[in-house]
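Asker: Below are the structure tokens for one structure; questions will follow.
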Amino acid sequence: MEEREGEVRWDGLCSRDAATRAAALDTIGQAVLRRSETVAPVAALPPTRAADGLPVPAARDGLSEVLARLLMLSKRCPFPDVREKSEEILGEVQELGIRIPRPLGHGPSRFIPEKETIQVGNEDTMMHTLFADTFATLGRLDNVTLVMVFHPQYLESFLKTQHYLLQMDGPLPLHYRHYIGIMAAARHQCSYLVNLHVNDFLHVGGDPKWLNGLENAPQKLQNLGELNKMLAHRPWLITKEHIEQLLKTEENSWSLAELIHAVVLLTHYHSLASFTFGCGISPEIDCEGGHTFRPPSISNYCICDITNGYHGVDEIHASPTGSIPSTESVCEVEALMEKMKQLQECRDEEEASQEEMATRFEREKRESMFVCSSEDEESAPSRDVSRHFEDTSYGYKDFSRHGMHVPTFRVQDYSWEDHGYSLVNRLYPDVGQLLDEKFHIAYNLTYNTMATHKDVDTSMLRRAIWNYIHCMFGIRYDDYDYGEINQLLDRSFKVYIKTVVCTPEKTTKRMYDSFWRQFEHSEKGQTTLSPLPLLTTPSAPQVHVNLLLVEARMQAELLYALRAITRYMT
């Protein structure tokens, strides 16, 4: 591709070599200043002026996007030289009389106070290495990473898996991978992920026409739409006939290896949408909704920000749990610990019969249908997102509603460990191992603490959360007593779990704040969850719970899809 004069090239900024980065920064600075000098007279026209009289760069010249990218680099690049030079270039542009952007919002999450998250530039050596690796791979340090880093062991596994799915050798071409990510994220109206992958899709040479709507993509990708919507909302409906339809569609057919790759991508981004909404991930600084060219007011935000959904830090991070007495929180934690102790004693004394275990599963499955979000009104997806999928009215429905009966999925008959893992690894080498590692880390992740209590075995609680999610999908473990779920998970927690897993786009900060209020500590610095200072914050447990939710959801989707593929193959 021929390079246009003045075009900004970002190649080289991800290099570990300081000299390479310096050369790239000099080139970027020269290109930005040349373009700024060209745009400044045009931008000085009255319609493009900001409230303070400085001209706003015209979007049609591409300068606004370039300046937003520099703003992101000045705030979120792990390399100090890139941060400093980006800030210097922005300053030079401002001296030309052009308004530069500023970030909207405060930090990577709308739910987590910025002071509880790690600040880029203040990380320790281990974190810096992780951040540098991420930046080198993704070209950015995104907000998902900055929230997931509460749990570094999981983050490393997540990033390694995602990198393999998107960039390493595999059955699908690179632009197909990002387009499938767009399709999956759009099913949950997740504009955050859609925007990221639209940029990545174009970066790897994807056809911009495909972004006008799914109907403009190749028929092969359009055919994937049915599987996408069922996996996202009603995976128990997937049959071997759906698989056969994709594999035997003449010139638009999928190979088995391609389909496995696509299924893993779809489930990855459905679950990542759950994490994005469940943790209130903010728009990236350089994406729509992440920055503004309007000047700050005295109160640090102006009326234009309010109309765009930004209400300032005090309102965003005001927590309804802040007024709860710490003594009440301590009592809740101790009550939960006592329940776990009693349940363990009951296990040791008497084990329920298989018939009773089956009855308790059916009861919990039935009761889960009546757990619904208080924000249960339907909302129509925006055109920007809905154009990437078909049948916008199709959404989550409880599998047993309206008298429809779906046979229980027994893990003893088809499990990830005994069946799904080997199928994925055979058709898409190494991915089964990567997924298995990620599942195990999320499931077994523990710091052996509950609030201020140390040396606590939380395995019973973690298993209850995981199995409750699978129960909502009709998946049963014969060796688990589902009576434990009601003992350990209260209704507000169940509402949060079901919302994040099934309809994540309806998750609110009020839900986030209300679940597990006992883990909100007023004395934030006094609870040690791990040797890492970051994990002393009260938000670490909530993020941990969200990791359990998204991995349990992903495995549930995979089990239904892989079982259908196995049945087709046999």
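Start counting the sequence shown at 818; every next residue gets the next number (the working numbering). Every residue, glycine too, gets a C-beta built ideally from N, C-alpha and C. Model, not experiment: these values are computed from the prediction.
Count the other CB atoms, across all protein chains shown, that sit within 10 Å of the CB of Q1343; report buried if there are 16 or more and exposed otherwise.
Answerer: A caution first: Q1343 carries a pLDDT of 29, below 50, which makes its placement in the model too unreliable to give a value.
Asker: Going by alpha carbons, who is nearest to E1075 out of L1041, D1296 and S926?
Answerer: Taking only the C-alpha atoms, the option nearest E1075 is L1041.
Asker: Report yes or no: do three or more beta-carbon pairs, one from the stretch 1235-1254 and one from the stretch 1274-1288, lie closer than 8 angstroms?
Answerer: Cβ pair count under 8 angstroms is below three, so no.
Asker: Closest by CA to Q984, which one among E882, N1045 and L1082?
Answerer: Checked all of E882, N1045 and L1082; the closest Cα to Q984 is L1082.
Asker: Under the three-state reduction of DSSP, which class applies to P1112: helix, strand or coil?
Answerer: It is coil, neither helix nor strand.
Asker: According to DSSP, what are the bridge partners of S926?
Answerer: In the DSSP output, where bridge partners are listed per residue, S926 has I1098.
Asker: Do the CB positions of H1005 and A1079 come within less than 7 angstroms of each other?
Answerer: Against a cut-off of 7 angstroms, the Cβ pair of A1079 and H1005 comes out as no contact.
Asker: Could you pull out every unbroken alpha helix (DSSP H) segment of at least 4 residues lying fully inside the stretch 883-921, listed in chain order?
Answerer: Qualifying alpha helix (DSSP H) stretches, in chain order: 897-912.
Asker: To the nearest whole angstrom, what separates the beta carbons of G1107 and L921, a pair I think is in contact under 8 angstroms?
Answerer: Contact flag correct, Cβ pair sits at about 6 angstroms.
Asker: Could you have a look at I1055 and say whether DSSP puts it in helix, strand or coil?
Answerer: Coil.
Asker: Are the beta-carbon atoms belonging to S1099 and N960 less than 7 angstroms from one another?
Answerer: Contact flag set, yes.
Asker: State the DSSP-derived secondary structure class of F967, mapped to helix, strand or coil.
Answerer: Coil, per DSSP.
Asker: Can you say whether M943 is buried or exposed, counting buried as having 16 or more other CB atoms within 10 angstroms of its CB?
Answerer: M943 comes out exposed.
Asker: Count the other CB atoms, across all protein chains shown, that sit within 10 Å of the CB of D1298; report buried if there are 16 or more and exposed otherwise.
Answerer: The residue is buried, with at least 16 neighbouring Cβ atoms inside 10 Å.
Asker: Applying the criterion that 16 or more other CB atoms from any shown protein chain within 10 Å of the CB defines a buried residue, is K1315 buried or exposed?
Answerer: When all chains shown are included, K1315 counts as buried.
Asker: Looking at Y1377: is its Cβ nearer than 7 angstroms to the Cβ of W1071?
Answerer: Contact flag unset, no.
Asker: In three-state DSSP terms, what is P1271?
Answerer: Per the sequence shown, residue 1271 should be read as Lys rather than Pro. Strand at K1271.
Asker: Using three-state DSSP, classify I1060 as helix, strand or coil.
Answerer: In the structure shown, I1060 sits in a helix (DSSP, three-state: H, G or I).
Asker: Going by the DSSP bridge assignment, what does R1279 pair with across the sheet?
Answerer: None; R1279 has no bridge partner.
Asker: Who are the Cβ neighbours of S1239 in its own chain at under 8 angstroms, not counting the five residues just before and after it?
Answerer: For S1239, where only same-chain residues beyond five positions count, the Cβ hits under 8 angstroms are G1249.
Asker: Please report the distance separating the alpha-carbon of Y1231 from that of D1295.
Answerer: Cα-Cα distance, rounded: 12 angstroms.
Asker: On the DSSP bridge assignment, give the partners of R1293 in chain order.
Answerer: R1293 is bridged to R1227.
Asker: If you reduce the DSSP assignment to three classes, tell me which class K1323 lands in.
Answerer: Three-state DSSP puts K1323 in a helix.
Asker: Distance check for L1031 and S903, CA to CA, integer angstroms please.
Answerer: Computed Cα separation, rounded: 37 angstroms.
Asker: Which residue's Cα is closest to the Cα of P918: R1243, S891, L947 and C831?
Answerer: Among R1243, S891, L947 and C831, the Cα nearest to that of P918 belongs to S891.
Asker: What do you get for N1069, buried or exposed, if any count of 16 or more other CB atoms within 10 angstroms of its CB means buried?
Answerer: Exposed.
Asker: Alpha carbon to alpha carbon, how far is T1325 from Y996?
Answerer: Computed Cα separation, rounded: 28 angstroms.
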